[in-house]
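Engineer:
Protein chains in written order, with my numbering: chain A, 1 to 265; chain B, 1001 to 1265; chain C, 2001 to 2265; chain D, 3001 to 3265.
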């Protein structure tokens, strides 16, 4: 299915402010970026680099005054996510090197403190995939998904105590639980068609059965039509915009996801 | 200056054919890709990866029959290339690690055989930058630039003997001469505004004075308005399309570069 | 100065246990590994890989029963660490790409919560280097260095509240404070000559004035004779041995650092 | 089997000379470096880095006068190389990204010119592995292995014409033939037990059946007891020592490989 995504950000900069942005999705195994635009108003010089997770990052210094960023993309993406109830646990010694980092605790995923809870949650499961299903459904049932309820990340243990959170919070707790039983897990930030209210979204992936699988504890039923923008250990690594200093005010943010009725010419 | 580039390729595939493409320019220090499109007709799954030189490469299997690729980009690029007649020779021990590979001989740049010629050519020069100017002008004067005169690369020594070549050939000889006197040098493939006849173009860069500088031995006077698509040691590394097997026929290729009169909105 | 380091670990494995080890120091700008040994008893197959921080990591599965690891190295290292009271703050937009990750909060360094404290601590300082001196001395004065006081890491905020910690804890708090004012900072684990009681040690580095500088809040006066084994954002990334599962018991650990009286032959 | 390798190099430097060395084997899937020494006389500062092929490279500036390098290693290595007559051809679209570079022509392996010969040589073969056996045996039969017959590399086409060469030359021709039929192939430089006369050695590997396999056209029967020091596309990438300038004279080189009778303690 072809999707058109867009993200518009308006800032009021009180001082010139360095920004690191992650707003350019990459073509990869699961998505093909056919068209793309990335506009800065006013235009300022930008340097793009690739971080250690493979994300394309844009560095710039936003000038004083109004500053806007508009990105859009037309993307081929799958209608449904892949599911494999039999996907097996990959022994640590057989994990690809690049996957090992997703076993470690991180800023918002204190997996080192959650093993007892995780073991309890996954006890009915047969396969590693099913263990993740247990975790995903447990988070879905026990943490109330409340879009807009927080503006900055809290960590997995905080989410568990609070019992409520935004998409990122539910993903963080799920990730921490998966890692605590040695299942590699990472945060994904991106677009999801039909999200309501529309916004940027966060979900998680796990490495079982020799590949990454998608999960989303905010949804009662998982579906595709997703466009990943960035991957990381948690929200500390994946920031759609990361400003340095206190000189910026985000005055407006507008996110859209539309189906494109026809395949691109 | 804003430039719009496009490249259109039509193939007639007699068997299904694996392709590796390098047709997606990256945003970097010297160019910002504001809009971009990349269309395959018919659409087939594509996997994009980054090679060791940082180029974005697209892998796909083209199906039997007609197959077309259309890419375009709107790019902010400089009108003029930077020049610094005083840029100094960087001692080997001080070169950045990533630059060292550009000192080595490569498939079409037998720098190990050209040191005597290079030393002769650069003898009037004061700085390393000026040494490259000597090489660039020597190639410009001694190798006749004949667009369309060859369809596959010949190596630097062959170019010297033949006394004639396409843009890639002049670049290869220049690169080999630079490397033979320990100046790191790399091939660039991309677009050049006002090239006549219009086509994809190749030129070279050298690392002197702590950064890369652009040279183009096909031109009597160097200017900017260039969009780099890919970098490499020579044409063996940088192939706009690299087919495997003999099942493809390129039936049409159309390259365009236009100035965009106004800055993008 | 030539130093000989060694680390000996004895385990009693109750089940076969995957281990990831970081016990092979790399030769680099500040240290040259002239001799090295790495012995496993019993010998089991090992795969070595390089993580995203450049550390050499060894993966193996330790068998049931007694398992020992013995590593030693003869290393050229500086007597004194470099100091530059004038080293300047590097603007975010000018930081090397590989350094940016050391600005982000991480598992044990909640830099996102510590900016007010940091700004207060560094207020007397002129240069970025001096800001780090203020932080380093503040931690030295306010957090009691108590070797052996904890077996697992606590995070920077916890250290601040507890007012006491092991070397790693003092480093974590220092790192979090530095990052909270946009000074890149990383954890180093390694050997320090004359440490008392002798053990593996942890300290931190900051990126100011265009390079990394060494600090050690556990010491009243910083000196060299250090051998870095591994670098990372914090202790979550840098584990001398990381076991998966609960089947291992570390029964003995012996660390030694000696001066080698003569230069190696 | 445990092997002890050593390489001793004596130079007489007429000017101070930058060197890039590849003399530190890495622990990997097929070899474990248990002990190692690397001595420079006189000692000079060294910086070690990892090149794009994963080789550890040492950079230094050798001073005027006598300069010696002595390296040794105790290595666990297999007695026999793995063989799989059924190992299949990996379709281009399924090759790992890091393998693709080994399909390209390179300085001494003009695979773009050798496809007709290769197709003729491999015609009896059933599997990709057997195709490589055909190439390996064809080179073994048609190119006379003459250790010491050349001091600098010639390219695959030159080797074919000359009908004679050193280990590196036979490997280059084999590699070029393999690549010309889309089998990824790379040069290995290292140690081989029982080589006569003893020297550093070169052989090649091919990627078939989803992994790398070892071949050695200089030997009538392949066996193991090899220690790889460095990998690359060809000898242009893999130079045990690469000097810049003309100021060095290698006055002595001594290579040894011994079996260690007992397993290391």
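Don't be surprised by glycine CBs; every beta carbon is placed ideally from N, CA and C.
Counting beta carbon pairs with one atom in the region 3101–3109 of chain D and one in the region 3228–3245 of chain D, are three or more of them shorter than 8 angstroms?
Structural biologist: Yes: at least three Cβ pairs fall under 8 angstroms.
Engineer: Starting from the N-terminal side, write out each stretch of the beta strand (DSSP E) that is 3 residues or longer and does not extend beyond the region 3089–3116 of chain D.
Structural biologist: As far as the region 3089–3116 of chain D is concerned, it has no whole beta strand (DSSP E) run of at least 3 residues.
Engineer: In this structure, what does DSSP give as the bridge partners for residue 1039(B)?
Structural biologist: As a position in the second chain, residue 1039(B) is number 39, starting the count at 1. 1070(B), per the DSSP bridge assignment.
Engineer: Note down the Cα distance separating residue 3128(D) from residue 3205(D), rounded to an integer number of angstroms.
Structural biologist: Start at 1 with the first residue of the fourth chain, and residue 3128(D) comes out as number 128. Start at 1 with the first residue of the fourth chain, and residue 3205(D) comes out as number 205. Roughly 13 angstroms separates the two Cα atoms.
Engineer: Tell me which residue opens and which closes the alpha helix (DSSP H) that residue 3128(D) is part of.
Structural biologist: Translated into positions along the fourth chain, residue 3128(D) becomes position 128. Segment 3128–3142, the alpha helix (DSSP H) holding residue 3128(D).
Engineer: With DSSP collapsed to three states, give me the class of residue 3198(D).
Structural biologist: The residue given as residue 3198(D) occupies position 198 in the fourth chain. If DSSP states are grouped into helix, strand and coil, residue 3198(D) belongs with coil.
Engineer: Assign residue 1223(B) to one of three DSSP states: helix, strand, or coil.
Structural biologist: The sequence position of residue 1223(B) within the second chain is 223, counting from 1. Residue state, collapsed to three classes: coil.
Engineer: Who does residue 2033(C) pair with in a DSSP beta bridge?
Structural biologist: Residue 2033(C) sits at position 33 when you count from the first residue of the third chain. DSSP lists 2075(C) as partners of residue 2033(C).
Engineer: Residue 1230(B) by DSSP, collapsed to three states: which one?
Structural biologist: Translated into the one-based positions of the second chain, residue 1230(B) becomes position 230. DSSP places residue 1230(B) in strand when its eight states are reduced to three.
Engineer: Enumerated in chain order, which unbroken segments of the alpha helix (DSSP H) with a length of 4 residues or greater are wholly contained in the region 142–192 of chain A?
Structural biologist: Listed in chain order, the complete alpha helix (DSSP H) runs (minimum 4 residues) inside the region 142–192 of chain A are 156–162 and 167–180.
Engineer: Quick check on DSSP: helix, strand or coil for residue 3119(D)?
Structural biologist: By one-based count along the fourth chain, residue 3119(D) stands at place 119. Looking at residue 3119(D) - three-state DSSP - the assignment turns out to be helix.
Engineer: Write down the C-beta distance between residue 3172(D) and residue 3149(D) rounded to the nearest angstrom, noting that I regard them as a contact closer than 8 angstroms.
Structural biologist: On the fourth chain, residue 3172(D) is found 172 positions in, with the first residue counted as 1. On the fourth chain, residue 3149(D) is found 149 positions in, with the first residue counted as 1. Contact doesn't hold; Cβ gap of about 14 angstroms is too wide.
Engineer: Leaving aside the five residues before and after residue 3063(D) along the sequence, list all residues of the same chain whose C-beta is less than 8 angstroms from its C-beta, in chain order.
Structural biologist: On the fourth chain, position 63 is the one that residue 3063(D) refers to. So the list reads 3013, 3016, 3042 and 3044, once near-sequence residues are dropped.
Engineer: Closest by CA to residue 3049(D), which one among 2032(C), 2047(C) and 2037(C)?
Structural biologist: Along the fourth chain, read from residue 1 onward, the residue named residue 3049(D) stands at position 49. Nearest option by C-alpha distance: 2032(C).
Engineer: Kindly say whether residue 2090(C), judged by its beta-carbon, lies nearer than 7 angstroms to any beta-carbon of chain A.
Structural biologist: Counting from 1 along the third chain, the entry for residue 2090(C) is found at position 90. No - not a single Cβ of chain A is within 7 angstroms of the one on residue 2090(C).
Engineer: Give a yes or no on whether 7 angstroms exceeds the smallest Cβ distance from residue 3189(D) to chain C.
Structural biologist: For the purposes of this step, residue 3189(D) is taken as the residue at position 189 of the fourth chain. It does not; no Cβ of chain C falls within 7 angstroms.
Engineer: Do residue 118(A) and residue 180(A) have their CB atoms nearer than 7 angstroms?
Structural biologist: The residue labelled residue 118(A) in the question sits at position 118 within the first chain. The residue labelled residue 180(A) in the question sits at position 180 within the first chain. Against a cut-off of 7 angstroms, the Cβ pair of residue 180(A) and residue 118(A) comes out as a contact.
Engineer: I'd like to know whether the C-beta of residue 35(A) is nearer than 7 angstroms to at least one C-beta of chain B.
Structural biologist: Mapped onto the first chain, residue 35(A) falls at position 35. For residue 35(A), the answer is yes, since a Cβ of chain B falls inside 7 angstroms of its Cβ.
Engineer: Residue 2139(C) and residue 2217(C): beta carbons closer than 7 angstroms?
Structural biologist: Along the third chain, read from residue 1 onward, the residue named residue 2139(C) stands at position 139. Along the third chain, read from residue 1 onward, the residue named residue 2217(C) stands at position 217. The answer is yes: Cβ separation under 7 angstroms.
Engineer: Relative to chain B, which residues along the region 234–257 of chain A have a C-beta separation below 9 angstroms, given in chain order?
Structural biologist: Residues: none.
Engineer: If you draw a straight line from the alpha carbon of residue 35(A) to that of residue 3201(D), how long is it in whole angstroms?
Structural biologist: Mapped onto the first chain, residue 35(A) falls at position 35. Mapped onto the fourth chain, residue 3201(D) falls at position 201. C-alpha separation (whole angstroms): 51 angstroms.
Engineer: Suppose you measure from the CA of residue 1264(B) to the CA of residue 5(A); what does that come to, to the nearest Å?
Structural biologist: Within the second chain, numbered from 1, the residue matching residue 1264(B) stands at position 264. Within the first chain, numbered from 1, the residue matching residue 5(A) stands at position 5. For residue 1264(B), the pLDDT reaches just 48, beneath the cut-off of 50, and the residue's location in the model is therefore unreliable, although a value from the coordinates is still provided. Those two C-alpha atoms are separated by around 20 angstroms.
Engineer: Residue 61(A) lies in the beta strand (DSSP E); which residues open and close that run?
Structural biologist: Looking up residue 61(A) in the first chain gives position 61. Residue 61(A) -> beta strand (DSSP E) spans 56–62.
Engineer: Excluding five sequence neighbours on each side, which residues of the same chain lie with their C-beta closer than 6 angstroms to the C-beta of residue 184(A)?
Structural biologist: Residue mapping note: residue 184(A) aligns to position 184 of the first chain, counting from 1. Same-chain partners within the cutoff: 99, 102, 103 and 207.
Engineer: Taking only beta-carbon atoms, is residue 264(A) less than 7 angstroms away from chain B?
Structural biologist: On the first chain, residue 264(A) is found 264 positions in, with the first residue counted as 1. Model confidence at residue 264(A) stands at a pLDDT of 48, short of 50, so the residue's coordinates are unreliable; what they give is reported in the following sentence. Taking Cβ atoms only, chain B reaches closer than 7 angstroms to residue 264(A), which makes this a yes.
Engineer: Counting contacts by CB-CB distance shorter than 7 angstroms, is residue 2106(C) in contact with chain D?
Structural biologist: Numbered from its first residue, the third chain carries residue 2106(C) at position 106. Chain D, which has no Cβ nearer than 7 angstroms to the Cβ of residue 2106(C), makes this no.
Engineer: Which residues of chain A have a Cβ atom closer than 8 angstroms to the Cβ of residue 1029(B), listed in chain order?
Structural biologist: Looking up residue 1029(B) in the second chain gives position 29. Those within 8 angstroms of residue 1029(B) in chain A are 47.
Engineer: Give the single residue among 40(A), 56(A) and 47(A) whose Cα lies nearest to the Cα of residue 23(A).
Structural biologist: Position 23 of the first chain holds residue 23(A). If we check each option's Cα against that of residue 23(A), 56(A) comes out closest.
Engineer: Residues of chain A with a CB under 9 angstroms from the CB of residue 2101(C): which are they?
Structural biologist: Counting from one through the third chain, the residue named residue 2101(C) turns up at place 101. Ordered by position in chain A, the residues that pass the 9 angstroms Cβ test against residue 2101(C) are 51, 52 and 237.
Engineer: Starting from the beta carbon of residue 2080(C), find every residue of chain A whose beta carbon is closer than 9 angstroms, and list them in chain order.
Structural biologist: If you number the third chain from 1, residue 2080(C) lands on position 80. By Cβ distance, chain A contributes nothing, its closest Cβ being about 32 angstroms from residue 2080(C), past 9 angstroms.
Engineer: From the DSSP output, read off the bridge partner residues of residue 3253(D).
Structural biologist: Residue numbering aside, residue 3253(D) sits at position 253 when the fourth chain is read from its first letter. Bridge partners of residue 3253(D): 3009(D).
Engineer: List the residues of chain D that residue 1275(B) touches, going by C-beta distances under 9 angstroms, in chain order.
Structural biologist: Because chain B spans 1001 through 1265 in this model, residue 1275(B) falls outside it and cannot be assessed.
Engineer: Can you check whether the C-beta of residue 3015(D) is within less than 7 angstroms of a C-beta belonging to chain C?
Structural biologist: As a working mapping, residue 3015(D) is identified with position 15 in the fourth chain. For residue 3015(D), the answer is no, since every Cβ of chain C falls outside 7 angstroms of its Cβ.
Engineer: Given this structure, state the Cα-to-Cα distance separating residue 1070(B) from residue 1256(B), to the nearest angstrom.
Structural biologist: For the purposes of this step, residue 1070(B) is identified with residue 70 of the second chain, where counting begins at 1. For the purposes of this step, residue 1256(B) is identified with residue 256 of the second chain, where counting begins at 1. Roughly 11 angstroms between the two C-alpha positions.
Engineer: Grab me the residues of residue 3068(D)'s own chain with a C-beta within less than 6 angstroms of its C-beta, minus the 5 sequence neighbours each way, in chain order.
Structural biologist: Indexing the fourth chain from 1 puts residue 3068(D) at position 68. So the list reads 3010 and 3041, once near-sequence residues are dropped.
Engineer: In chain order, what residues of the same chain have a beta carbon less than 7 angstroms from the beta carbon of residue 3164(D), not counting five sequence neighbours either side?
Structural biologist: Translated into the one-based positions of the fourth chain, residue 3164(D) becomes position 164. Counting only Cβ-Cβ distances below 7 angstroms, and skipping sequence neighbours, we find 3143, 3144, 3146 and 3149.
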